[in-house]
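Colleague: Got a structure for you, written out below as structure tokens; questions coming shortly.
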Amino acid sequence: MEIEKGIKIKDLALIVENTLVISDLHMGFEEAANKQGVLLPREQFEKTVGRLKSIIQGEKFDKVVILGDLKHEFGKTSETEWRNTLKLIDFLKKDCNTVILVKGNHDVNIDAIAKKKNVEVVETYKIGNVLFCHGHELLEDYEGAEIIVIGHEHPAISLREGIRVEKFKCFLKGKFEKKTLIVMPSFNLVTTGTDVLTERLLSPYLEQNLSEFEVYIVNEGNVLNFGRIKDLTNM
Numbered sequence: 016m017e018i019e020k021g022i023k024i025k026d027l028a029l030i031v032e033n034t035l036v037i038s039d040l041h042m043g044f045e046e047a048a049n050k051q052g053v054l055l056p057r058e059q060f061e062k063t064v065g066r067l068k069s070i071i072q073g074e075k076f077d078k079v080v081i082l083g084d085l086k087h088e089f090g091k092t093s094e095t096e097w098r099n100t101l102k103l104i105d106f107l108k109k110d111c112n113t114v115i116l117v118k119g120n121h122d123v124n125i126d127a128i129a130k131k132k133n134v135e136v137v138e139t140y141k142i143g144n145v146l147f148c149h150g151h152e153l154l155e156d157y158e159g160a161e162i163i164v165i166g167h168e169h170p171a172i173s174l175r176e177g178i179r180v181e182k183f184k185c186f187l188k189g190k191f192e193k194k195t196l197i198v199m200p201s202f203n204l205v206t207t208g209t210d211v212l213t214e215r216l217l218s219p220y221l222e223q224n225l226s227e228f229e230v231y232i233v234n235e236g237n238v239l240n241f242g243r244i245k246d247l248t249n250m
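Our numbering puts the sequence shown at residues 16 to 250.
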């Protein structure tokens, strides 16, 4: 599904020209949760690779851009984080030689991993008129971009049918200072994300009235345009 001219949603990823864009994988999330006493099965890596295989199948990419938060821990890189991050980069490089990491707020101590696997680490990345940044802080310069793509927020939305409530990851599209703003969902398959209808949002790009933002829900790989946030709040 095309979310903007030249930008296509495929499952939890964006395709821009010949570049695959994914965001917020948070490798090592389960180990961090286990340390805090939350028991989660360690299935994230296998599920992530499986989901990526279905996205990559039938496509040809020159580059993969990871839009921040490749790893989860703020401090010392855990053993699981190190091992699975390296394996994930190896998997991505099977189909594409160039992997670029737009640095997120969780990507502290990422330099050793990046150097080992020849991953370029940048603060922003630009393809034509599209500027990619993680979204945890506002940029000072948008380099003439007309479209901004961010991660960080992990947007999701809860839909009700009678007493049943189900939460879905989603893309958002709206405006920021007269530019088109696209917010990507998290590729972390352990958690769904932040409900943009009811929960506190984190990104300074979303400190605004979101009622006119469009919602693109991802359900088992399928993408559905659910209209504007203001229409969903009135349902």
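Beta carbons are placed, not taken as given, at the ideal position from N, Cα and C, and that holds for glycine.
Taking its Cβ as the centre, do 16 or more other Cβ atoms sit within 10 Å of Ser-69, making it buried, or is it exposed?
Modeller: Classification of Ser-69: exposed, given that the 10 Å Cβ count is below 16.
Colleague: In angstroms, rounded to a whole number, what distance separates the CA positions of Glu-32 and Asp-105?
Modeller: 22 Å
Colleague: Who are the near neighbours of Ile-232 in its chain, counting only those whose CB is closer than 6 Å to its CB and skipping five residues on each side?
Modeller: Phe-183, Cys-185, Leu-239 and Phe-241
Colleague: Which runs of the beta strand (DSSP E), 3 residues or longer, sit entirely within the stretch 153-204?
Modeller: 162-165, 170-176, 179-191 and 194-198
Colleague: In whole angstroms, what is the alpha-carbon distance linking Ile-81 and Val-114?
Modeller: 8 Å
Colleague: Alpha carbons only, please: which of Lys-62, Glu-235 and Glu-229 is nearest the one belonging to Asp-246?
Modeller: Glu-229
Colleague: What residue range is occupied by the uninterrupted beta strand (DSSP E) comprising Glu-17?
Modeller: Its beta strand (DSSP E) spans residues 17-19.
Colleague: The alpha helix (DSSP H) that contains Lys-102, what's its start and end?
Modeller: Annotation for Lys-102: the continuous alpha helix (DSSP H) segment containing it runs 94-110.
Colleague: Under the assumption that Asp-122 contacts Lys-86 (Cβ atoms under 8 Å), give the Cβ distance between them as a whole number of angstroms.
Modeller: 6 Å
Colleague: What is the rounded straight-line gap between the Cα of Lys-130 and the Cα of Val-136?
Modeller: Each residue's Cα considered, the two are about 9 Å apart.
Colleague: Could you give the DSSP three-state label for Lys-23: helix, strand or coil?
Modeller: Residue state, collapsed to three classes: strand.
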